[in-house]
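Encoded as C-alpha cells, the structure appears first; notes follow it.
Protein chains in written order, with this note's numbering: chain A, 1 to 413; chain B, 414 to 826.
Structure below.
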C-alpha cells in the first residue's frame, strides 16, 4: 500500500478514564512526527466535533503540555455519547462527515472509546469505503470497565483498579478503629461486567479487603446475602462488602432499584432512589442486624483519580495511541489496537490489531470460573491477571502541592 | 524537676486520620529512646484499653514497622469514643485507671485526639494529682476537622485537605467531559467547622474548583442557593458545589435532615434519609433546573487516604508525638503540643505547649472574614494559610503496586 498523505482527526468518546488523555498524547505525538500526516486535529466532543467542524489544531500546542496529558484525567478534548444511525437508514451524518473530511483533506481518523465507539469507527470506515473516499480509520481502546472484546485488558482499567484496591485497603483499616460493630458497603462502577468491583479482591490479597464481593456476572440473592452478612457480623463485628452497581436479582431487576426505604419498596417495584445501591444495601443490612452501617460510593472518583494512576496503564495507553498511528501510516485501516499478554510468569504485553467488526458491540465479562460462589471473592487466576496491570506509580507532577494537569491552548481551525 | 522513672501508655481516641499513626510513631520511637521510660505500652481502643488492661508491648515491635506507621492510615491501636464522667460525680473509672497505672508503674500518659480527648487527658491528670500519684500527662493533637483551639492547625488536616483538593480538581475535569449540562454536589466532612470543605478552594486556586462553597460557619439559605445555582447553570451548563455536612438553615436545622424526597419533607420535619446531604441538595437542584445532577460524598475516603498524604502533615504529626514525650521527660505535664507558625512569607512552624484546660472542649472555626458571601469561596488569606500544609508527597512505600501499611505484632502484656 502506498503512502497516503493528508490530515488526521482524533476524537474521544464515551465515559472518560484517568488515562484516556495518555492515548491522546500517544496519537498526537506520533502523528506530529509522521511526514505523511500534514495536519493533526483534535475533534471537540468526539464525532460531534467533526459534524460541527469544531476542530483544534494540535500542532499549536506546547509539547510539554502534550506530555502532561499522560497524567491528566478526563477527556481533554471533551467526549460524547452519540450513536450514529445505520447508514442504510440515514446517511445524513455520514455525508456531513465526508464533507468535513474532504474540506480539511482528512485521510486518517482515530477514535478512542469503548464498544459503542468501535461500532462508530466501523460504520464511518465502511461508509467512506463505499463512497470511494480513501482514508484509514483506527480504533484506540479505552474503558475503566475493561469489557472490550478480543483484548487482554483495556487502557483505563489498571489505574481505576489501583485506585479502587488502594482505597478499599484504606477504608478497611478505617472501618476497624472502634470496637463497636459496623457494616460497610462499597459501591463500584460496572453495569454488566464486574472487573472494577473484582479489583477490591486485590485488597483482600493483601489481607485488607472485603469479606464479600458481588459482581453482575452472577445473580444476586438478597436473602442469602443478608444471612451471610449476619454470620460474618456475629463472628467479627465488622463486615465489608463490595458490590457492582449492576447486580441484579433472579428476575433481572437491578438491586439499586429496590430503594432504601424498605417499607415502600420491598414488595413493590418502586422508583430507584437517588441514594444509590450502597445505601440501599446498607439499609437492608441495618434492618437485618441492627448494626451501624455505612454506604460508600466510589462514584466519579474511581474513573478520574489520576493521582493514583498505574504507570503500566499510563504507558500502555500511550502505546495504544502511538500504535494506531503507526499502523495507519503503514496502510492499516478498520482495526482497533488490542493487547496480548505473553505466556509465562513475567508480565509482558504486546499490541496486536483486531478487526473492528470483531470488536464492535461485544462485551467481555469475567470468566465465571474466576468467581467464587456466594460472594466469597475471586480466584488466584484473577489476582494473577489483574496484579500486573496496577504496577508502578504515576509520574504525575505537582505544583504547590497539587497536581499539575495539562492546559491546552485549543486553537480552533 | 527530677527524673521520673516509669512506664508510659499511649492511646488513640476519636475519629482517625491518615496520619494519626505518624504521631503514634513519634511517641513510640522517642519513648523507646528515653532512659527514664522503662516500658512503652500502647492502649488498645484508647482509655478503654487502659480500663480493660488491654495493653500491647511496643518494645516487641519491629522498628521498620513502627517507621511504616508514619504512612499507615487509621488508628493502628484502635480508637474509642468514651466520655469520662466528672470525677466529682463518679470516680469509678479514675480509680480503675489509677489501679492499672500502679500495677504497671505507669508514670507517663500520652493521649492522641481532638477536643474531647484533651478533656479526657485533663480529667485524668487532675485526678491523679489529687490522688498524690505522680505522673505526667500530655495531649497529642489530631483531627482532620482542624478545629482544635490554640494551635495554628491540627495534624491530620493537611493530608485530608490535600486529598480533598486533589479529588475536587479531578472531579472538576471529569464533570466537564460532555457538552450537556450537569450539576455536581461534593459533600465534605465537618459538622461545625468548615476547614475541610474550605480545602476545595485550593482546587479553585488552581482554576479547577467549585463554583460555590458552603461552610457551617454561615447560615445556609436554600432559596438563595438554588437561585445562584440556576444562574451559573444558565451561563456555564456546569455547576460544581462543595458543602460541609454540617450546614444549617436559619432555624438551626441541618440541611441533611431535609431528605431527598421533596414531596415528603419539604414542608415537614421528616427524618434524615440515608442518602445524605449531597443527594438531598442534588434533588433540590434537579427540581429547580431539570439538569442532570450527581451527589458525591467523600465519606471515609477523605480521612483515610494515606496514598495522598501531605509530607508536611506526616512530618509534623510525627514531631507532635516526639515533642510530647520529650516535654514530659523534661518534667512537663497537663499540656497539649500545638503548632505556631512563624510570621513571614516562608512557612516555618514550631511546636509550643498549651495548657489542657485552655484546649479542652473549645472549637476553632474559620474566621468569618475569610469566607466570601453567598458561597463565593474563600479569601486569599485562607489559601495562604492552607497551601503550606499540603506540601510534599507521602513517602508511602508500595509492594505489588499497592500500599505497604504497617503490620504490628501486638503482643499483649
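Positions of the beta carbon are idealized from the N, C-alpha and C atoms, including for glycine.
Limits of the unbroken beta strand (DSSP E) element including residue i
i              : result
residue 349(A) : 349-355
residue 470(B) : 468-470
residue 108(A) : 106-113
residue 551(B) : 549-554
residue 706(B) : 706-710
Three-state secondary structure (DSSP) of residue i
i              : result
residue 36(A)  : coil
residue 685(B) : At residue 685(B) the pLDDT is 38, less than 50, meaning the model places this residue with poor confidence; the figure from the coordinates comes in the next sentence. Correct three-state label for residue 685(B): coil.
residue 333(A) : coil
residue 788(B) : helix
residue 804(B) : coil
residue 200(A) : helix
residue 225(A) : helix
residue 627(B) : strand
residue 454(B) : strand
residue 3(A)   : coil
residue 182(A) : strand
residue 13(A)  : coil
residue 369(A) : helix
residue 663(B) : coil
residue 339(A) : strand
residue 697(B) : helix
residue 148(A) : strand
residue 258(A) : coil
residue 231(A) : helix
residue 690(B) : helix
residue 540(B) : helix
residue 633(B) : coil
residue 412(A) : strand
residue 19(A)  : coil
residue 27(A)  : helix
residue 414(A) : Absent from the structure is residue 414(A), since the part of chain A shown begins at 1 and ends at 413.
residue 405(A) : coil
residue 501(B) : coil
residue 359(A) : helix
Endpoints, the alpha helix (DSSP H) within which residue i is located
i              : result
residue 383(A) : 380-386
residue 164(A) : 157-174
residue 98(A)  : 92-103
residue 653(B) : That residue, residue 653(B), is in no alpha helix (DSSP H); its beta strand (DSSP E) goes 651-657.
residue 480(B) : 476-481
residue 80(A)  : Where residue 80(A) is concerned, there is no enclosing alpha helix (DSSP H), given that its DSSP letter is neither H nor E.
residue 209(A) : Here residue 209(A) belongs to no alpha helix (DSSP H), and DSSP marks it neither H nor E.
residue 49(A)  : 46-51
Rounded distance between the beta-carbons of residue j and residue i, thought under 8 Å
i              : j              : result
residue 468(B) : residue 549(B) : That belief does not hold up - the Cβ atoms of residue 468(B) and residue 549(B) are roughly 18 Å apart, past 8 Å.
residue 20(A)  : residue 41(A)  : Actually they are not in contact, since the Cβ atoms of residue 20(A) and residue 41(A) sit about 17 Å apart, beyond 8 Å.
residue 518(B) : residue 415(B) : That pair is no contact at about 16 Å.
residue 718(B) : residue 487(B) : At roughly 11 Å, the Cβ-Cβ gap does not stay under 8 Å, so residue 718(B) and residue 487(B) are not in contact.
is_contact[residue i, chain C] using C-beta, thresh 8 Å
i              : result
residue 449(B) : Although the question refers to chain C, the structure presented lacks it and instead comprises the protein chains A and B.
Original post:
Can you find at least 3 beta carbon pairs, one from the stretch 115-134 of chain A and one from the stretch 159-178 of chain A, that sit closer than 8 Å?
Top reply: no
**OP:** Take every Cβ of the stretch 90-101 of chain A, pair it with every Cβ of the stretch 18-25 of chain A, and state whether three or more of those distances are shorter than 8 Å.
**Re:** no
Original post:
Does the stretch 143-156 of chain A come within contact of the stretch 341-361 of chain A, defined as at least 3 CB pairs closer than 8 Å?
Top reply: yes
Subject >> Whole runs of the alpha helix (DSSP H) within the stretch 300-330 of chain A, excluding any shorter than 4 residues >> reply: 301-304 and 311-329
**OP:** Evaluate the contact criterion for the stretch 612-627 of chain B versus the stretch 789-808 of chain B: three or more CB pairs, one atom per stretch, below 8 Å.
**Re:** yes
Subject >> Touching by the beta-carbon criterion (3+ pairs, under 8 Å), the stretch 724-736 of chain B and the stretch 178-185 of chain A >> reply: no
**OP:** Assess, as a yes-or-no matter, whether the stretch 393-407 of chain A is touched by the stretch 804-813 of chain B under the definition of 3 or more beta carbon pairs within less than 8 Å.
**Re:** yes
Original post:
Using 8 Å as the Cβ pair cut-off and three pairs as the minimum, do the stretch 404-411 of chain A and the stretch 65-80 of chain A touch?
Top reply: yes
Original post:
Counting Cβ pairs closer than 8 Å, one from the stretch 214-224 of chain A and one from the stretch 244-253 of chain A, do we hit at least three?
Top reply: yes
Subject >> Contact the stretch 276-292 of chain A vs the stretch 113-128 of chain A: 3+ CB pairs below 8 Å >> reply: no
Subject >> Segment contact, 8 Å Cβ cut-off, at least three pairs: the stretch 745-759 of chain B with the stretch 456-470 of chain B >> reply: no
Original post:
Should the stretch 707-717 of chain B be called in touch with the stretch 169-179 of chain A, which here means at least 3 C-beta pairs below 8 Å?
Top reply: yes
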